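Read through the structure below, which is laid out as structure tokens, and then see the notes.
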Amino acid sequence: MLADAIGREGAEAALPALRQLGTLVGSAEAREHARLANEHSPVLRTHDRYGHRVDEVEFHPSWHWLMRTSVGWGLHGTPWVGEPGQGAHVARAAGFYLMGQLESGHCCPISMTYAAVPALRRDPGLANVYESGLVSTTYAFGLAEPATKPGLLAGMSMTEKQGGSDVRAARPRPPRGPTARTGWSGTSGSPRPDERSLPDARAGAGGLTCFVLPRVLPDGTRNGIRLERLKDKLGNRSNASAEIEYTGATGWRLGDEGRGVATIIEMVSMTRLDCVIGSPR
Ligand SMILES: Cc1cc2nc3c(=O)[nH]c(=O)nc-3n(C[C@H](O)[C@H](O)[C@H](O)COP(=O)(O)OP(=O)(O)OC[C@H]3O[C@@H](n4cnc5c(N)ncnc54)[C@H](O)[C@@H]3O)c2cc1C
Numbered sequence: 704m705l706a707d708a709i710g711r712e713g714a715e716a717a718l719p720a721l722r723q724l725g726t727l728v729g730s731a732e733a734r735e736h737a738r739l740a741n742e743h744s745p746v747l748r749t750h751d752r753y754g755h756r757v758d759e760v761e762f763h764p765s766w767h768w769l770m771r772t773s774v775g776w777g778l779h780g781t782p783w784v785g786e787p788g789q790g791a792h793v794a795r796a797a798g799f800y801l802m803g804q805l806e807s808g809h810c811c812p813i814s815m816t817y818a819a820v821p822a823l824r825r826d827p828g829l830a831n832v833y834e835s836g837l838v839s840t841t842y843a844f845g846l847a848e849p850a851t852k853p854g855l856l857a858g859m860s861m862t863e864k865q866g867g868s869d870v871r872a873a874r875p876r877p878p879r880g881p882t883a884r885t886g887w888s889g890t891s892g893s894p895r896p897d898e899r900s901l902p903d904a905r906a907g908a909g910g911l912t913c914f915v916l917p918r919v920l921p922d923g924t925r926n927g928i929r930l931e932r933l934k935d936k937l938g939n940r941s942n943a944s945a946e947i948e949y950t951g952a953t954g955w956r957l958g959d960e961g962r963g964v965a966t967i968i969e970m971v972s973m974t975r976l977d978c979v980i981g982s983p984r
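In my numbering, each number is its position in the sequence shown, counted from 1, plus 703.
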């Protein structure tokens, strides 16, 4: 049935590769990685041994195996560099469906990164800085200045204590500096090492506005993004969902001031599509 749908939707050429991915997904090795990544939940390290604030998350090696596999197969971004009309998004959706059958927790950062690109393209300057890293099939874990990394991942930080479903409930906080941000974000799934809190619907004078916040700034210093705690969840245990505090963080505005919800909705819609693709068992 899946193969028929892939052919019908114009991605026939991708079938041999998808069959290969299907074989991998069904393998004992892959299933063991999926089990271990859920058995050993991520651990938050807020400080290093000298007491310096680091805000890093440690994942089990099997989590990295899953991420490396999905990034290697381009499920996080390759369709954005494919020729339009060649079924690239269909093939990616089928691959995402297969990896979701194996382990759905790691599919969150894969989906977020995939969904970040169309939103980021609202600003060609920012797209120029980040897109090549976001679509790269190299998985590069660890905090470093984005331009020095062979691959990047993205996340989305929208929810606040007073509002999740209603993003408009986010409390505007006038920036102290041109790009300084403060405030609390309720949840951000999987604070990736080089996460771009993209978009971060904080507020300028014109109301809720989106910003791109790299974990590490162009001068190599860490951005004011603090991971307060990881959520202890019923499901999705392989994935880290963090409560974040922005303390004088630096961000770059994405989209027009006051158009934060309109900008973020493009990314939200893409992730919702992946929720549909990832749900059937
Ligand atoms: C595993 C996990 C990962 C997450 N990752 C992220 C992330 O990466 N980035 C991020 O920003 N957030 C993230 N979130 C937060 C998520 O977006 C919010 O939990 C979600 O938007 C719901 O908001 P809330 O929890 O405040 O619930 P509420 O908005 O308070 O909703 C509570 C209940 O009320 C219902 N409800 C709300 N409004 C209405 C209404 N108008 N009419 C009828 N019913 C209504 C809801 O459906 C729900 O059943 C994550 C959450 C989880 C559990």
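For every residue, glycine included, the Cβ atom is placed at its ideal position computed from N, Cα and C. No experiment lies behind these values; they were computed from the predicted model shown.
Close beta carbons around residue i, own chain, < 6 Å, minus the five adjacent residues each side
i: HIS779; result: ILE813, THR816, TYR817
i: PRO821; result: GLU969
Unbroken beta strand (DSSP E) run spanning residue i, endpoints
i: ASP758; result: 756-761
i: GLY775; result: Premise fails: GLY775 lies in the alpha helix (DSSP H), 764-775, not in any beta strand (DSSP E).
i: GLY858; result: 858-860
Through-space distance from residue j to residue i, alpha-carbon basis
i: VAL870; j: GLU732; result: 41 Å
i: GLY909; j: LEU930; result: 28 Å
i: GLY866; j: ALA872; result: 5 Å
i: ALA708; j: ARG932; result: 42 Å
i: VAL728; j: LEU739; result: 15 Å
i: GLY923; j: PRO917; result: 11 Å
i: HIS781; j: SER941; result: It should be pointed out that residue 781 corresponds to Thr in this sequence rather than to His. Near 24 Å, if we compare the C-alpha coordinates of SER941 and THR781.
i: LEU721; j: LEU920; result: 38 Å
i: HIS750; j: ASP758; result: 7 Å
i: THR966; j: ASP977; result: 18 Å
i: HIS763; j: ALA857; result: 20 Å
i: ARG756; j: MET704; result: 51 Å
Where the alpha helix (DSSP H) containing residue i begins and where it ends
i: MET815; result: 810-823
i: SER835; result: 827-838
i: PHE799; result: 791-805
Minimum Cβ-Cβ distance from residue i to chain B less than 8 Å
i: ALA740; result: Of the protein chains in the structure, only one exists, and it is not chain B.
Sequence-distant residues of its chain with Cβ nearer than 8 Å to residue i (five each side left out)
i: GLU999; result: Here the chain covers residues 704 to 984 and nothing more, so residue 999 does not appear.
i: LEU1021; result: This structure cannot settle anything about residue 1021, because the visible part of the chain is limited to 704 through 984.
i: ARG734; result: LEU805
Nonlocal neighbours in the same chain, by C-beta distance under 7 Å from residue i, ignoring five residues either side
i: TRP768; result: HIS736
i: ALA706; result: LEU718
* Contiguous beta strand (DSSP E) assignments of at least 3 residues, all confined to the region 915-963 -> 928-933, 944-953, 955-957
* Counting only runs of 4+ residues fully inside the region 706-762, write out the alpha helix (DSSP H) ranges in chain order. => 718-728, 731-742
* Asked: Taking one C-beta from the region 819-836 and one from the region 792-807 each time, how about it: are there three or more such pairs within less than 8 Å?
  -> no
* Asked: With a cut-off of 8 Å, do at least 3 Cβ pairs link the region 965-983 to the region 843-850?
  -> no
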